[in-house]
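Visitor: Using my numbering, read the sequence shown as starting at 29 and increasing by one per residue. In this text, a Cβ means the ideal position worked out from N, Cα and C, and glycines have one as well. Quantities reported herein were computed from a predicted structural model and do not represent experimental measurements.
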Amino acid sequence: MVVKPEREHAVALTCATSGGAVAQTTQGDLPNSTCRLGHSFAADELGEAPSNETRRVLETALRMFKERVELARRFAEIQQRRGRPVSAAHWEATSREMDEAAGVLRRLLTPGRTRPNPGCHDGAEPDPA
29 MVVKPEREHA
39 VALTCATSGG
49 AVAQTTQGDL
59 PNSTCRLGHS
69 FAADELGEAP
79 SNETRRVLET
89 ALRMFKERVE
99 LARRFAEIQQ
109 RRGRPVSAAH
119 WEATSREMDE
129 AAGVLRRLLT
139 PGRTRPNPGC
149 HDGAEPDPA
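Set out below in structure tokens:
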């Protein structure tokens, strides 16, 4: 016997597996989300998937910022050797800016940050990340 959901409505989420639109359904008191391709997620899974994707994107951005820091440092050294102090200063400033941005991302990715416990509805009980 197939149990049909009581109600369904679109939510502003995308499927972590396919990237498709997600509709949220409820069966009794239990929320469930399903994308148009049929990937189904319970509430705790749906909350975890975007977190994993966000982490992956932030790690990629951190790698790119670190690469830009090194590139800007090399350009600064080259310009300094060529006797172009204004250009060297520009690249040094760019390197510092990129390093500061990387620092923000590093802090976001630091282990030990807390997130709400999915089992605790009032958000009062943090769960270690």
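For glutamate 98, which option in Thr54, Trp119, Leu65 and Ala51 has the closest C-alpha, if you only look at C-alpha atoms?
Guide: The residue you call residue 98 lines up with position 70 of the sequence shown. It is Trp119.
Visitor: Note down the Cα distance separating threonine 42 from arginine 110, rounded to an integer number of angstroms.
Guide: In the sequence shown, counting from the first residue as 1, residue 42 sits at position 14. In the sequence shown, counting from the first residue as 1, residue 110 sits at position 82. Approximately 51 Å between the Cα atoms of the pair.
Visitor: Measuring CA to CA, which of Ser61, Ala44, Thr45 and Asp57 is closest to alanine 51?
Guide: Stepping through the sequence shown from its first residue, residue 51 is reached at position 23. Looking at the Cα atoms, Ser61 is the closest of the given residues.
Visitor: Is it true that the CB of leucine 65 sits closer than 8 Å to the CB of leucine 133?
Guide: Taking the sequence shown and counting its residues from 1, one reaches residue 133 at position 105. Taking the sequence shown and counting its residues from 1, one reaches residue 65 at position 37. No; because the gap between Cβ atoms is not below 8 Å, this pair is not in contact.
Visitor: Give me the residue from Gly56, Glu105 and Arg84 with the minimum Cα distance to alanine 44.
Guide: Counting from one through the sequence shown, the residue named residue 44 turns up at place 16. Nearest of Gly56, Glu105 and Arg84 to alanine 44, Cα basis: Arg84.
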